[in-house]
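Numbering (UniProt numbering), first residue to last: 1 to 335. Just so it is clear, CB atoms sit at the ideal spot from N, CA and C, and this is done for glycine as well. Note that the structure is predicted; figures quoted are calculated from it, not measured. First up is the structure itself, then whatever we jot down about it.
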Amino acid sequence: MGGPGGRAARRRRRRAGPGRRRAGRRSRPVNAAPPVTVTEYTDPGCVWSWAAEPRLRWLRLRYGHLLAWRQVFGVQIADLRAERPDFDPRADAPEYLRRWASVAERTGTPLTTRLHWMHGSTAPAGRAAIAARDQGDAVAARVLRRLREAVFLHGEPADTPPRVRAALAGVPGLDPERLLAAMESAEVRTRLRADAAETRRVHPATAAAAATGPGTPAPGHPVAEGSGHRYAFPTLVLTAGARTIVLPGFRGTEEYEAALTELLPGSTGRARPLPPADRLLRETGSLTGPEVALLAGGRPPTDAVRVRTGTGDVWLPRAADAAPSATPSVERSAS
Numbered sequence: 001m002g003g004p005g006g007r008a009a010r011r012r013r014r015r016a017g018p019g020r021r022r023a024g025r026r027s028r029p030v031n032a033a034p035p036v037t038v039t040e041y042t043d044p045g046c047v048w049s050w051a052a053e054p055r056l057r058w059l060r061l062r063y064g065h066l067l068a069w070r071q072v073f074g075v076q077i078a079d080l081r082a083e084r085p086d087f088d089p090r091a092d093a094p095e096y097l098r099r100w101a102s103v104a105e106r107t108g109t110p111l112t113t114r115l116h117w118m119h120g121s122t123a124p125a126g127r128a129a130i131a132a133r134d135q136g137d138a139v140a141a142r143v144l145r146r147l148r149e150a151v152f153l154h155g156e157p158a159d160t161p162p163r164v165r166a167a168l169a170g171v172p173g174l175d176p177e178r179l180l181a182a183m184e185s186a187e188v189r190t191r192l193r194a195d196a197a198e199t200r201r202v203h204p205a206t207a208a209a210a211a212t213g214p215g216t217p218a219p220g221h222p223v224a225e226g227s228g229h230r231y232a233f234p235t236l237v238l239t240a241g242a243r244t245i246v247l248p249g250f251r252g253t254e255e256y257e258a259a260l261t262e263l264l265p266g267s268t269g270r271a272r273p274l275p276p277a278d279r280l281l282r283e284t285g286s287l288t289g290p291e292v293a294l295l296a297g298g299r300p301p302t303d304a305v306r307v308r309t310g311t312g313d314v315w316l317p318r319a320a321d322a323a324p325s326a327t328p329s330v331e332r333s334a335s
């Protein structure tokens, strides 16, 4: 064992090092970046982004280990009063709710029966979502979810710091004072301006992508703004090396999977199984009807209360059911 052959073998192993693999066994290095980058252009106050959340969540759950995911908050509404000098957030709210209801009815997305006020700007919610990133990915995901629920389930958009505080009460792991201070900082305001500017540098392939593919009620044509355009929300831009695929608007999971396969052949064989409904509920604090159907195979969580809306259902943890801030402004069901 201590002869020349053994010493040579040991030298070969030392040269190879612990982080290198034998020939014939190929894998991604432990610390390598995921092979595909996904940039999601979105806004906390966009109804189509709310409707698309189950499908984007499906993509992250199935293929997140292959994706470097970045969210860009594009500020759908900078200042509604500048666009409409006669805008009244309470008197005009029913008009906007009717528009959202048409989306909810086509997609099965749950929606509040009453919008107490219309947000005059989605920038405060965007700043809150950006500020939450400094407290970790899990907290940031819960914060964004709550900001959307504040609009579309509770009808109380978080368009001022006090309303942000109310919307985010009880988010697990969140330091609300830290977030509120950060969202008003120059740094976070600069980051949101950068996001808004990036959203208005539309990839040249976007218009053609919006005009092709299976039928969708929201194909994601670039939105005209003044002399330019911005991405429709949501839009995904998938990049691998020098190749880019744009998937604008409300898309099906099969389109996301096909794009990923084109950029990364064989990726469907590496998809991860979806977790059960109870775990999905724990991750977000609520579960919508479309999420139950798509992510949990139609099997709702066991220890939850089902809340009906005019356009879809929501499941909430039983422990949260007694908290008014956790209950959508809709009629309850005991089922």
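Sequence-distant residues of its chain with Cβ nearer than 6 Å to residue i (five each side left out)
{"i": "Leu115", "result": "Ala93, Leu97, Gly155"}
{"i": "Asp303", "result": "Arg318"}
{"i": "Arg148", "result": "Pro44, Trp50"}
{"i": "Val246", "result": "His203, Ala205, Thr206, Ala209, Val237"}
{"i": "Trp69", "result": "Val38"}
{"i": "Arg21", "result": "Bear in mind that the predicted position of Arg21 carries a pLDDT of just 41, short of 50, making it unreliable; the figure below should be weighed with that in mind. Hits under 6 Å: none found."}
Three-state secondary structure assigned by DSSP to residue i
{"i": "Thr284", "result": "helix"}
{"i": "Asp313", "result": "strand"}
{"i": "Pro54", "result": "helix"}
{"i": "Thr302", "result": "coil"}
{"i": "Arg21", "result": "Summary for Arg21: the model assigns pLDDT 41, below 50, so the residue's position carries little reliability, and this model does not support an answer."}
{"i": "Gln135", "result": "helix"}
{"i": "His65", "result": "helix"}
{"i": "Arg318", "result": "helix"}
{"i": "Arg251", "result": "coil"}
{"i": "Ile130", "result": "helix"}
{"i": "Arg308", "result": "strand"}
{"i": "Ala33", "result": "coil"}
{"i": "Arg201", "result": "coil"}
{"i": "Gly228", "result": "strand"}
{"i": "Phe152", "result": "helix"}
{"i": "Arg279", "result": "helix"}
{"i": "Ala123", "result": "helix"}
Pick from the options that is closest to residue i, judged by C-alpha positions
{"i": "Ala194", "options": "Ile130, Asp79, Ala181, Leu144", "result": "Ile130"}
{"i": "Leu66", "options": "Ala33, Ala259, Pro85", "result": "Ala33"}
{"i": "Gly215", "options": "Glu254, Ala205, Met118", "result": "Glu254"}
{"i": "Arg146", "options": "Pro89, Ala169, Arg299", "result": "Ala169"}
{"i": "Gly252", "options": "Asp137, Gly213, Glu184, Arg133", "result": "Gly213"}
{"i": "Thr42", "options": "Gly298, Ala197, Leu281, Leu180", "result": "Ala197"}
{"i": "Ser227", "options": "Arg243, Leu316, Arg201", "result": "Arg201"}
{"i": "Val305", "options": "Arg299, Gly298, Trp315", "result": "Trp315"}
{"i": "Arg189", "options": "Pro176, Arg165, Val75", "result": "Val75"}
{"i": "Ile77", "options": "Pro290, Asp159, Leu274, Arg106", "result": "Asp159"}
{"i": "Gly64", "options": "Arg279, Arg270, Gly289", "result": "Arg270"}
{"i": "Leu61", "options": "Ala140, Ala211, Glu283, Arg165", "result": "Glu283"}
{"i": "Gly285", "options": "Ala138, Pro157, Thr107, Asp88", "result": "Ala138"}
{"i": "Gln71", "options": "Arg163, Thr199, Ala211", "result": "Thr199"}
Beta-carbon separation (whole angstroms), residue i vs residue j, contact threshold 8 Å
{"i": "Phe233", "j": "Cys46", "result": "4 Å"}
{"i": "Ala218", "j": "Trp48", "result": "5 Å"}
{"i": "Pro35", "j": "Ala240", "result": "6 Å"}
{"i": "Phe152", "j": "Leu111", "result": "6 Å"}
{"i": "Gly298", "j": "Val292", "result": "6 Å"}
{"i": "Arg178", "j": "Gln135", "result": "7 Å"}
Beta-carbon spacing of residue i, residue j below 7 Å
{"i": "Glu40", "j": "Leu263", "result": "no"}
{"i": "Gly126", "j": "Leu80", "result": "no"}
{"i": "Trp117", "j": "Arg84", "result": "no"}
{"i": "Leu294", "j": "Leu287", "result": "no"}
{"i": "Thr113", "j": "Gly312", "result": "no"}
{"i": "Pro300", "j": "Ala277", "result": "yes"}
{"i": "Ser267", "j": "Leu274", "result": "no"}
{"i": "Pro157", "j": "Arg165", "result": "no"}
Same chain, Cβ closer than 7 Å to residue i, neighbours up to 5 away in sequence not counted
{"i": "Ala208", "result": "none"}
{"i": "Val143", "result": "Ala128, Ala129, Ala132, Leu168, Val171, Leu174"}
{"i": "Glu257", "result": "Thr268"}
is_contact[residue i, chain D] using C-beta, thresh 7 Å
{"i": "Arg99", "result": "As a matter of chain content, chain D is missing from the structure shown, which is built from one protein chain."}
Any non-hydrogen atom of the ligand COA within 6 Å of residue i CB
{"i": "Thr109", "result": "Looking for the ligand COA in the displayed structure turns up nothing, as the structure carries no ligands at all."}
Beta-carbon contacts of residue i that lie in its chain and below 8 Å, excluding the five residues immediately before and after
{"i": "Val223", "result": "His229, Arg230, Tyr231, Ala232"}
{"i": "Pro161", "result": "Pro124, Leu180, Met183, Glu184"}
{"i": "Ala101", "result": "Leu111, Gly310, Thr311"}
{"i": "Glu225", "result": "Arg200"}
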